[in-house]
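The structure appears below as structure tokens.
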DNA sequence: TAACTGTGCTATCACAGATATTACAGTTAT
DNA sequence: ATAACTGTAATATCTGTGATAGCACAGTTA
């Protein structure tokens, strides 16, 4: 599943897992109806307690990203809507911009950072 | 001191206080050698325990923003360097940009947000 | 001396995250 | 039916952190 947990982060593990899955769906790596690893398998793979995995999955289910069936497994939802995550991302982006502005950062500096991360228009990543 | 605490926020109170003071210094509202409210005064004004205020001040002192003298009070440091805070702000900005990119947000959309927050070049705030 | 300052320490409480364990119920293949 | 998987649920425990309360002590100032 290519999920990396940063134990030093203040972000809870269950949220890190949620985010990784959401991003995988966003990238198209996880497609609708595709089966996720079982709770116990992911628990073993990540060395994270099954209850923590369960929490991630339960919240993702509440948010309509996945659905789970007892006895079968967990699957990517047919129409996994990511709009709310994009909105949340834009909100935190806005907060970051406001904070930088308050600290006197020039807007051109922010533009440059975006330019560097997105690339010059070609297909470079990260 | 014009410090507003959001008790619903997940950001600890002592960090909110730190941030407010740092931003006040950044805005020039708090000038070098200017005295801060006493621990007990701020504690009473904000209805926050003195230990919590103390933690904010201690960390700010560790970070070179303020200095405290027993019996006298706490003061803005002579050369309060905010560079590390600007760097931290830019780091979190970068994270926000990367996250938005991963979610497929167009870079022009981010540029628009910056444009709206910074204004069109005139002097509007927030 | 009195009234302020900051400092230090201990103790307590509440909450959240994470873990461990056990048990139960649904699905699938043999 | 059985075995081996799935998810679900509940309880208990441990831990770290944030926040509070209270006390004592030391430096400063008028």
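Residue numbers (my numbering), protein chains in the order written: chain A, 1 to 126; chain B, 1001 to 1126. Beta carbons: idealized from backbone N, C-alpha and C, even for Gly. Because the structure is a prediction, the values reported are computed rather than measured.
Going by DSSP, residue 1069 of chain B is part of the beta strand (DSSP E) stretching over 1066–1069. Not flagged as an interface residue toward chain A: residue 1002 of chain B, since no C-beta distance is shorter than 7 Å. If you draw a straight line from the Cα of residue 46 of chain A to the Cα of residue 4 of chain A, it comes to about 8 Å. DSSP lists B/1075 as the beta-bridge partner residues of residue 1035 of chain B. Taking a cut-off of 8 Å for Cβ pairs, the region 63–70 of chain A and the region 79–87 of chain A touch, as three or more such pairs fall below it. Along the region 89–112 of chain A, going in chain order, the ones with a CB nearer than 7 Å to a CB of chain B are 89, 90, 92, 93, 94, 96, 97, 98, 99, 100, 101, 102, 103, 104, 105, 107, 110 and 111. Buried is the label assigned to residue 89 of chain A, since at least 16 other Cβ atoms lie within 10 Å of its Cβ.
Excluding five sequence positions before and after residue 97 of chain A, the CB atoms of its chain that fall closer than 7 Å to its own CB belong to 110, given in chain order.
By the rule that beta-carbons nearer than 7 Å mark a contact, residue 1069 of chain B does not touch chain A. Close CB contacts of residue 1037 of chain B within its chain, under the 6 Å cut and outside five residues either way in sequence, are with 1001 (chain order).
Taking 9 Å as the cut-off between beta carbons, the residues of the region 1017–1033 of chain B near chain A are 1019, 1022, 1023, 1026 and 1027, in sequence order. For residue 4 of chain A, no alpha helix (DSSP H) segment is defined, and its DSSP state is neither H nor E.
Judged by DSSP in its simplified three-state form, residue 1116 of chain B adopts helix. Look at residue 49 of chain A here: in three-state DSSP terms it is coil, with no helix or strand label.
Considering only B/1056, B/1117, B/1024 and B/1100, the residue with the shortest C-alpha distance to residue 1039 of chain B is B/1056. At a cut-off of 7 Å between C-beta atoms, residue 1048 of chain B does not count as an interface residue with respect to chain A. Counting along the chain, residue 1083 of chain B sits inside the alpha helix (DSSP H) bounded by residues 1083–1102.
For residue 116 of chain A, the number of other beta carbons within 10 angstroms of its own is below 16, and it is reported as exposed. Residue-level contact check: residue 117 of chain A touches chain B, since one or more beta carbons of chain B fall below 7 Å from its beta carbon.
With a cutoff of 7 Å on beta-carbon distance, residue 1085 of chain B and residue 1022 of chain B are scored as near each other. For residue 1049 of chain B, the closest of B/1010, B/1017 and B/1106 by C-alpha to C-alpha distance is B/1017. Residue burial annotation: residue 1074 of chain B is buried, with at least 16 other C-beta atoms found within 10 angstroms of its C-beta. Listed by position along chain B, the residues whose Cβ is nearer than 7 Å to that of residue 66 of chain A form an empty set, because the closest Cβ is around 17 Å away. If you draw a straight line from the Cα of residue 61 of chain A to the Cα of residue 35 of chain A, it is about 13 Å long.
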